[in-house]
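Each step along the sequence shown adds one to the number in this note's numbering, with nothing skipped, and position 75 is 88.
We treat Cβ as the ideally placed atom computed from N, Cα and C, and that holds for glycine.
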Amino acid sequence: MKKGMVLAAALFVLPALAAGQQSSAPAPTPASPQTQAAQPASAHISLDDAIRMALQHNHALQALRSTIQQSLAEEITANLRPNPTLGLDAQYLPIFQPNQFSSDYIDQQAQFDAGIGYLFERGKKRQHRLQAAQDFTTVVRSQVSDSERQLIFNVGQQFVDVLLAESTLEFAQQDLDSFQKTVDISNERLRVGDMSEGDFLKIKLQLLQFQTDVSAAKLAKLQGLAALRQLLGFESVPDDYDLQGTLDYQPIHADVNGLKSLAAINRPDLRAAQQSVVAAQSQLALQQANGKMDVTGTFNYTHTSGISSGAFYYNMPLPIFNRNQGEIARARYAIIQAQQQASETTQQVSTDVVQAYENLLTNDQIIRLYQGGYVDQAKQSRDISEYAYRKGAASLLDFLDAERTYRANQLAYRQALANYMLALEQMRQAVGTRNLP
């Protein structure tokens with residue numbers, strides 16, 4: 014179980030491969046660049062496409078998947094029988110008196126022995142080794158599945174971040190174009206003497222904020238696409254790829270108890286923790302079998318003084334001192350450890366579901382507030398102030414204040430949509446499936 018714990022910790026970073034593979038598996042063949050999947054013809058990918066590419070091309074996940082093949086190879090080792098031993102010897106050869114070498118001397122004086130021995134394992138050690146290795150492979154499969162779950166969440170999270178940057182960029186560009194028209198009108202009013210130069214400079218300085226917003230949004234989008242490409246595998250998408258999708262609000266109607274039940278069925282980390290208890294029990298059975306003393310049987314053929322003879326030998330250690338007591342005791346405590354870890358994981362799953370559910374509800378309420386009228390009201394206020402300012406019926410300060418309010422409202426609304434989509438991805442991660450009720 015020490016080996017299992019080490020691998021469990023290593024796999025924490027990242028669905029299992031097809032079930033039912035035989036314990037005897039061929040060595041994996043490294044994929045060459047020619048065998049890699051071709052880049053998609055379209056430069057626009059959806060969230061489903063991104064998840065599929067990540068599961069196929071993410072190199073960290075592929076490295077973890079190789080541990081399944083390694084574990085299957087260990088099943089082969091566990092199922093191997095002991096090799097027989099062959100012994101040969103020749104005695105009383107006149108090496109230092111070569112003149113005595115003759116066929117008669119060899120037949121009558123020299124002695125030749127040939128023997129073959131085999132270790133007979135008692136306590137069904139081989140069967141217990143194989144069962145322990147198979148149970149360990151089952152745990153590894155579930156741990157790899159949990160790494161896939163984590164990867165899917167990371168892809169979804171990064172995908173939403175890029176959508177937010179894209180939406181912010183689109184809004185910033187529209188806002189810049191709209192405000193540029195205001196600057197042009199103000200410039201004309203300055204030319205005809207209908208505006209002071211101080212007011213015009215205030216508007217020109219406000220234009221800098223919109224230009225800065227566009228540049229910052231472009232940078233955020235490029236950085237987000239680069240980070241997402243790292244998760245998808247650089248070879249799976251072209252350099253100029255883009256995303257297909259928008260910030261969207263999709264209300265989810267589910268109760269927390271139903272989500273907990275769904276998580277108990279689908280969470281691979283919970284399944285791995287439960288399977289670790291079975292694997293620990295298999296280790297105990299193996300250590301108890303190792304406490305049985307094995308028997309070595311040997312048959313020897315001897316030719317000496319012209320006579321051929323055979324002899325059978327059996328030997329077995331006497332289990333007086335070493336009966337594998339230490340490893341048996343350790344395996345019993347390992348079962349207790351696995352049971353406690355399974356209980357802790359069960360509680361963690363419930364906690365994850367509750368936290369994700371409350372986070373989703375909170376963000377849902379925020380979206381409803383914005384869609385209840387605040388978004389439209391901020392736009393109407395900006396449009397009214399802009400129209401009044403252009404007609405000379407509103408002051409410059411009133412117009413700029415309405416513009417800032419509208420801009421802050423729009424950015425906050427887009428962030429709220431992104432937060433809701435992220436909360437939805439967190440909910441899917443907590444439940445262990447993307448198909449929510």
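Can you name, in chain order, every residue of its own chain whose Cβ lies under 8 Å from the Cβ of Ile341, other than the five neighbours on each side? For the purposes of this step, residue 341 is taken as the residue at position 328 of the sequence shown. Closer than 8 Å at the Cβ level, and outside the excluded window around Ile341, lie Leu297, Gln300, Gln301 and Gly304.
From the DSSP output, in three-state form, read off Leu437 for me. Position 424 of the sequence shown holds residue 437. In the structure shown, Leu437 sits in a helix (DSSP, three-state: H, G or I).
What is the residue span of the alpha helix (DSSP H) that Tyr383 lies within? Along the sequence shown, read from residue 1 onward, the residue named residue 383 stands at position 370. Where Tyr383 is concerned, there is no enclosing alpha helix (DSSP H), because DSSP gives it neither an H nor an E.
Kindly indicate the opening and closing residues of the alpha helix (DSSP H) around Ile108. The residue labelled residue 108 in the question sits at position 95 within the sequence shown. Ile108 -> no alpha helix (DSSP H), and no H or E assigned at all.
If we call anything under 9 Å between Cβ atoms a contact, is Val175 one with Lys234? Stepping through the sequence shown from its first residue, residue 175 is reached at position 162. Stepping through the sequence shown from its first residue, residue 234 is reached at position 221. Yes; because the gap between Cβ atoms is below 9 Å, this pair is in contact.
Hey, quick one: how far does the beta strand (DSSP E) through His316 stretch, first residue to last? Numbered from its first residue, the sequence shown carries residue 316 at position 303. Residues Val308 to Thr317.
Tell me whether the segment 420-430 and the segment 365-384 touch, counting them as touching only if at least three CB pairs, one residue from each stretch, are closer than 8 Å. yes
Anticipated Cβ contact below 8 Å, Ala286 with Thr358, distance rounded: Taking the first residue of the sequence shown as 1, we reach residue 286 at position 273. Taking the first residue of the sequence shown as 1, we reach residue 358 at position 345. About 4 Å separates the two Cβ atoms, so the contact holds.
Less than 9 Å between the C-beta atoms of Val168 and Leu238, yes or no? Mapped onto the sequence shown, residue 168 falls at position 155. Mapped onto the sequence shown, residue 238 falls at position 225. Contact: no.
So which of Ala401, Phe172 and Ala76 has the shortest CA-CA distance to Asp62? Taking the sequence shown and counting its residues from 1, the one referred to as residue 62 is at position 49. Shortest Cα-Cα distance from Asp62 to any of Ala401, Phe172 and Ala76 involves Phe172.
Beta-carbon proximity of Leu203 to Phe213, cut-off 9 Å: The residue labelled residue 203 in the question sits at position 190 within the sequence shown. The residue labelled residue 213 in the question sits at position 200 within the sequence shown. Yes, these two residues count as a Cβ contact at 9 Å.
Below 8 Å CB to CB, which residues in the same chain sit around Thr446 once its five sequence neighbours on both sides are set aside? Mapped onto the sequence shown, residue 446 falls at position 433. Here the set comprises Leu275 and Asn279.
Contact check, Lys273 vs Val366, beta carbons under 9 Å: Against the sequence shown, residue 273 aligns to sequence position 260. Against the sequence shown, residue 366 aligns to sequence position 353. In this structure, Val366 lies closer than 9 Å to Lys273 by Cβ.
If Gly130 and Thr315 are in contact, beta carbons under 8 Å, what's the gap, nearest whole angstrom? As a working mapping, residue 130 is identified with position 117 in the sequence shown. As a working mapping, residue 315 is identified with position 302 in the sequence shown. That pair is no contact at about 15 Å.
The segment 371-382 in contact with the segment 429-437 per 3-pair CB rule at 8 Å: yes
Report back the beta-carbon spacing between Leu68 and Glu161 to the nearest angstrom; my notes put them in contact at under 8 Å. Walking along the sequence shown from the start, residue 68 turns up at place 55. Walking along the sequence shown from the start, residue 161 turns up at place 148. That belief holds up - the Cβ atoms of Leu68 and Glu161 are roughly 6 Å apart, short of 8 Å.
Quick one: what's got a C-beta closer than 6 Å to Phe325's C-beta in the same chain, skipping five residues either side? As a first step, residue 325 must be located in the sequence shown, where it is residue number 312. Here the set comprises Phe312.
Name the residue from Pro332, Leu449 and Gln354 whose alpha carbon lies nearest to the alpha carbon of Ala369. Translated into positions along the sequence shown, residue 369 becomes position 356. Comparing Cα positions, the closest option is Leu449.
The alpha helix (DSSP H) spanning Gln236 covers which residue range? Stepping through the sequence shown from its first residue, residue 236 is reached at position 223. Where Gln236 is concerned, the enclosing alpha helix (DSSP H) stretches over Glu210 to Leu245.
Hey, which unbroken runs of the beta strand (DSSP E) at 3 residues or more fall wholly within the segment 271-350? Restricted to the segment 271-350, the beta strand (DSSP E) segments that are unbroken, complete and at least 3 residues in length are 308-317 and 320-328, listed in chain order.
Which residues share a DSSP beta bridge with Thr98? The sequence position of residue 98 within the sequence shown is 85, counting from 1. Thr98 has Gly130 as its beta-bridge partners, per DSSP.
CA-to-CA distance, Asn96 to Phe109, given in whole angstroms: As a working note, residue 109 is residue 96 in the sequence shown. As a working note, residue 96 is residue 83 in the sequence shown. One C-alpha to the other measures close to 37 Å.
Excluding five sequence neighbours on each side, which residues of the same chain lie with their C-beta closer than 6 Å to the C-beta of Arg441? In the sequence shown, counting from the first residue as 1, residue 441 sits at position 428. Closer than 6 Å at Cβ, skipping near neighbours: Arg447.
Contacting residues, own chain, Cβ-Cβ under 6 Å from Ile165 (five flanking each side not counted): In the sequence shown, the residue the question calls residue 165 occupies position 152. For Ile165, where only same-chain residues beyond five positions count, the Cβ hits under 6 Å are Ile64.
Span of the alpha helix (DSSP H) around Lys137: Locating residue 137 in the sequence shown gives position 124, counting from the first residue. Premise fails: Lys137 is in no alpha helix (DSSP H) and is neither H nor E.
Would you list the residues sitting across from Gln124 in a DSSP beta bridge? Along the sequence shown, one-based indexing puts residue 124 at 111. For Gln124, which the question treats as bridged, DSSP gives the partners Gln104 and Thr317.
Using a Cβ-Cβ cutoff of less than 6 Å, which residues in the same chain neighbour Gly136 once the five nearest sequence positions on both sides are dropped? Counted from its first residue, the sequence shown places residue 136 at position 123. Hits under 6 Å: Ala302 and Lys305.
Would the beta-carbon of Lys215 fall within 9 Å of that of Leu413? By one-based count along the sequence shown, residue 215 stands at place 202. By one-based count along the sequence shown, residue 413 stands at place 400. Yes; because the gap between Cβ atoms is below 9 Å, this pair is in contact.
Beta-bridge partners of Asp159, as assigned by DSSP: Position 146 of the sequence shown, counted from the first residue, corresponds to residue 159. None; Asp159 has no bridge partner.
Taking Cβ positions only, does Ile278 come closer than 9 Å to chain D? Chain labels in this structure do not include chain D; a single protein chain is all it has.
Since Gly339 contacts Ser59 with CB under 8 Å, what's their CB separation in whole angstroms? Here residue 339 corresponds to residue number 326 of the sequence shown, with the count starting at 1. Here residue 59 corresponds to residue number 46 of the sequence shown, with the count starting at 1. In fact, because the Cβ distance is near 56 Å, the residues do not count as touching under 8 Å.
Quick one: what's Asp255 bridged to in DSSP? As a working mapping, residue 255 is identified with position 242 in the sequence shown. According to DSSP, which records beta bridges pairwise, Asp255 is partnered with His57.
Beta carbon of Asp261, beta carbon of Leu430: below 9 Å? Position 248 of the sequence shown, counted from the first residue, corresponds to residue 261. Position 417 of the sequence shown, counted from the first residue, corresponds to residue 430. Cβ atoms of Asp261 and Leu430: closer than 9 Å.
Am I right that Asp411 and Ser398 are in contact with their C-beta atoms under 8 Å? What's the rounded C-beta distance? Residue mapping note: residue 411 aligns to position 398 of the sequence shown, counting from 1. Residue mapping note: residue 398 aligns to position 385 of the sequence shown, counting from 1. Indeed, because the Cβ distance is near 6 Å, the residues count as touching under 8 Å.
When Thr317, Val444, Asn337 and Ser322 are compared against Asp268, the one with the closest alpha-carbon: As a position in the sequence shown, residue 268 is number 255, starting the count at 1. The option with the nearest alpha carbon to Asp268 is Val444.
Thinking C-alpha only, which one of Tyr419, Thr80, Lys404 and Leu77 is nearest Arg395? The residue given as residue 395 occupies position 382 in the sequence shown. Out of Tyr419, Thr80, Lys404 and Leu77, Tyr419 has the C-alpha closest to the C-alpha of Arg395.
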